[in-house]
Amino acid sequence: MFIPKPPFLSYRCRTLLTTFIGWLTLSGHSLASNVEHHYFSSPTLGYDYPYSVYLPDNYDTQSTTPYPVIYMLHGSFGTDRDWVSRGNLQQVADRLIRAGHIPPAVFIMPGSRSWWVDGYNEPARSAFFNDLMPHVEATYHVGQERHLRGVAGLSAGGYGALNFALERPDLFAAVAALSPASYAPLPPRNSSAWRHPAFINDQGQFDRELWETLNYTAHLEEYRLRVTPRGTDEEGDLPPVPLYISAGRSDVYDAEFHARLLRQAMERIQPNAVRLDLYPGGHTWQVWRASLPAALNFLFQYVGQTNSVAGIEKQAEAQVETQTEEQIEQQNEKQANEARVEAASPSGLESTASTEEVSS
Numbered sequence: 021m022f023i024p025k026p027p028f029l030s031y032r033c034r035t036l037l038t039t040f041i042g043w044l045t046l047s048g049h050s051l052a053s054n055v056e057h058h059y060f061s062s063p064t065l066g067y068d069y070p071y072s073v074y075l076p077d078n079y080d081t082q083s084t085t086p087y088p089v090i091y092m093l094h095g096s097f098g099t100d101r102d103w104v105s106r107g108n109l110q111q112v113a114d115r116l117i118r119a120g121h122i123p124p125a126v127f128i129m130p131g132s133r134s135w136w137v138d139g140y141n142e143p144a145r146s147a148f149f150n151d152l153m154p155h156v157e158a159t160y161h162v163g164q165e166r167h168l169r170g171v172a173g174l175s176a177g178g179y180g181a182l183n184f185a186l187e188r189p190d191l192f193a194a195v196a197a198l199s200p201a202s203y204a205p206l207p208p209r210n211s212s213a214w215r216h217p218a219f220i221n222d223q224g225q226f227d228r229e230l231w232e233t234l235n236y237t238a239h240l241e242e243y244r245l246r247v248t249p250r251g252t253d254e255e256g257d258l259p260p261v262p263l264y265i266s267a268g269r270s271d272v273y274d275a276e277f278h279a280r281l282l283r284q285a286m287e288r289i290q291p292n293a294v295r296l297d298l299y300p301g302g303h304t305w306q307v308w309r310a311s312l313p314a315a316l317n318f319l320f321q322y323v324g325q326t327n328s329v330a331g332i333e334k335q336a337e338a339q340v341e342t343q344t345e346e347q348i349e350q351q352n353e354k355q356a357n358e359a360r361v362e363a364a365s366p367s368g369l370e371s372t373a374s375t376e377e378v379s380s
């Protein structure tokens, strides 16, 4: 009996259909996380406070354990949407969670008109602590303890994140500052701080005294006293806040120089809990996208861990100090190249955004 052979077109169609179904399955899974944009009434500001929130795949408000939460601060003249629209945070978080490198977590991306300070234009610092954090903890199933919170930021947001961690080490388990605009003693002349409403006084002049009062250098001594064991009855059990720093080697605001100063200052206080990564590039989203995976991996070595001291000791043992500077350069170059490829892909950002210098 003759049995006709299935036509080639039929087989090809089945193959294409199978591939298409698989693609839909993978695409659906990759888009399972959710990003939402919200406002709430802020008594401190006197107007609505904007923020974006990343909720992980299968976010469950009835989970027996709360989610870790990371607060991600934008840069000077930025918005609450920057980390998602330009920083690829959703894609990076999805990938790291799926790979098991970080746990499912909630990311809060607030918006501010200031440099995250109580400046001349708005009380951004007070609104963050007094309004935003209580709102988030009442609205989302996130932890309300130190070991379940982290804070991070880029440029002026790195300035803010660092200040928040130094001022309130009781609230955060770790901090990441990407190209932080934590300039000491003053910002470089090309920095937007000189013209930002947060630092411009009633006479229209940059307030140097306000800058020095609010900068991280003003918090170091009190922070040191709070996290350094003194062997007395007054000794507390508050561990230091581990710090991740990154910067581009070609930064127009000389972020590498200021990042090294910051690392030196912090290593005097917590020598085993500071990491600095340097990347090829300037004060751009290319550098921040490249360093975001390393920053999140660093944060979650402590956020979500019940024993922060043990985490710091573990990190010290695993420090890349055993690598040569050449090896570190090669690793950073590889990450930067991966970020360029990602930015050029259809799911990434427009290529122009990756080369623009961002004001700081």
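So the sequence shown is numbered by the numbering used here: it starts at 21 and just counts up by one.
A virtual CB, placed ideally from N, CA and C, is assigned to each residue, including glycine.
For residue i, three-class secondary structure by DSSP
i, result
"E56", "strand"
"Y236", "helix"
"V126", "strand"
"Y179", "helix"
"V323", "coil"
"I348", "Residue confidence is low: I348 scores 46 on pLDDT, short of 50, so the model does not pin down where it sits. No coordinate-derived value is stated."
"S311", "helix"
"V272", "coil"
"F226", "strand"
"G42", "Residue placement at G42 is poorly supported in this model, since its pLDDT is 46, which falls under 50; the coordinates are not used for a value here."
"V340", "Legend: pLDDT at V340 = 42, less than 50; position of this residue unreliable, value from coordinates given subsequently. If DSSP states are grouped into helix, strand and coil, V340 belongs with the helices."
Extent of the continuous beta strand (DSSP E) to which residue i belongs
i, result
"S72", "Y67 to L75"
"R283", "Counting along the chain, R283 falls outside any beta strand (DSSP E), though it belongs to the alpha helix (DSSP H) covering A275 to E287."
"R169", "R169 to L174"
Segment limits, alpha helix (DSSP H) that includes residue i
i, result
"Y243", "L240 to V247"
"I117", "L109 to R118"
"P88", "Unbroken run through P88: none, as it is neither H nor E."
"H155", "M153 to T159"
"V162", "Neither: V162 is in no alpha helix (DSSP H) and is coded neither H nor E."
"W103", "D102 to S105"
Distance CB(residue i)-CB(residue j) smaller than 7 Å
i, j, result
"L296", "R309", "no"
"L168", "L316", "no"
"A176", "S62", "no"
"A197", "I122", "no"
"T237", "A204", "yes"
"W136", "A144", "yes"
"V104", "V171", "no"
"Q110", "Y71", "no"
"S270", "G302", "yes"
"I220", "Y140", "yes"
"Y322", "P260", "no"
"Y273", "P208", "yes"
"P88", "S53", "no"
"Y179", "S199", "no"
"M92", "F149", "no"
Integer Cβ distance of residue i from residue j, believed to fall under 8 Å
i, j, result
"A181", "V195", "5 Å"
"A213", "S134", "Rounded, the Cβ-Cβ distance is 11 Å, inconsistent with contact."
"A267", "A285", "Contact doesn't hold; Cβ gap of about 15 Å is too wide."
"L258", "D190", "6 Å"
"S380", "G95", "6 Å"
"T99", "G131", "5 Å"
"H155", "F60", "5 Å"
Residue i - partner residues in DSSP beta bridges
i, result
"L93", "G173"
"L263", "V195 and V294"
"D138", "P143"
"S61", "D68"
"Y299", "G268"
beta-carbon residue i near the ligand ZN non-hydrogen atom, thresh 6 Å
i, result
"A314", "Of ligands this structure carries none, so the ligand ZN is not represented either."
Short CB-CB distance (under 7 Å) between residue i and chain C
i, result
"T81", "As a matter of chain content, chain C is missing from the structure shown, which is built from one protein chain."
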